[in-house]
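**Student:** For reference, the structure I am asking about is given below.
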Amino acid sequence: MLKIGERFLPHPNLEKVYFAYLALVFIPLLLISSMPILIAYTFFPYAWETIWPYLFIPLIVVLFVLGFVAYWTKDIVTQSLTC
């Protein structure tokens, strides 16, 4: 039985819903951040050797944020009962 003010974790099904909503946000971000890479490789192959490191920076940032949020979700989402 839960007591008032006691912290508890959400139900595991709620965690799955959270990750589904997280995917709805990050899938478009991943697509948007990978578009410059595809466009540059397709239309500017002669400049690819020079510009490819700069094109991967947005993709790396999005992947880092996604990993950070997904890793810490279980630890930071808690709930408590109040009067």
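Following numbering that gives the first Met the number 0, the numbering of the sequence shown begins with 0 at its first residue and continues without gaps. Glycine residues also receive a C-beta, built at the ideal position from the N, C-alpha and C atoms.
1) Assuming residue 29 contacts residue 61 under a Cβ cut-off of 8 Å, what Cβ separation, rounded to an integer in Å, is found between them?
2) To the nearest angstrom, how far is the alpha carbon of residue 42 from that of residue 8?
3) Quick one: what's got a C-beta closer than 7 Å to residue 49's C-beta in the same chain, skipping five residues either side?
4) Less than 8 Å between the CB atoms is what I'm expecting for residue 65 and residue 25, so what's the real figure, rounded?
5) By the three-class DSSP mapping on this structure, what secondary structure does residue 2 have?
6) Just to confirm, does residue 18 get its C-beta within under 6 Å of one of the non-hydrogen atoms of the ligand COA?
**Tutor:** In short:
1) 6 Å
2) 50 Å
3) none
4) 5 Å
5) coil
6) Judged by which ligands are present, the structure shown has none, so any question about the ligand COA falls away.
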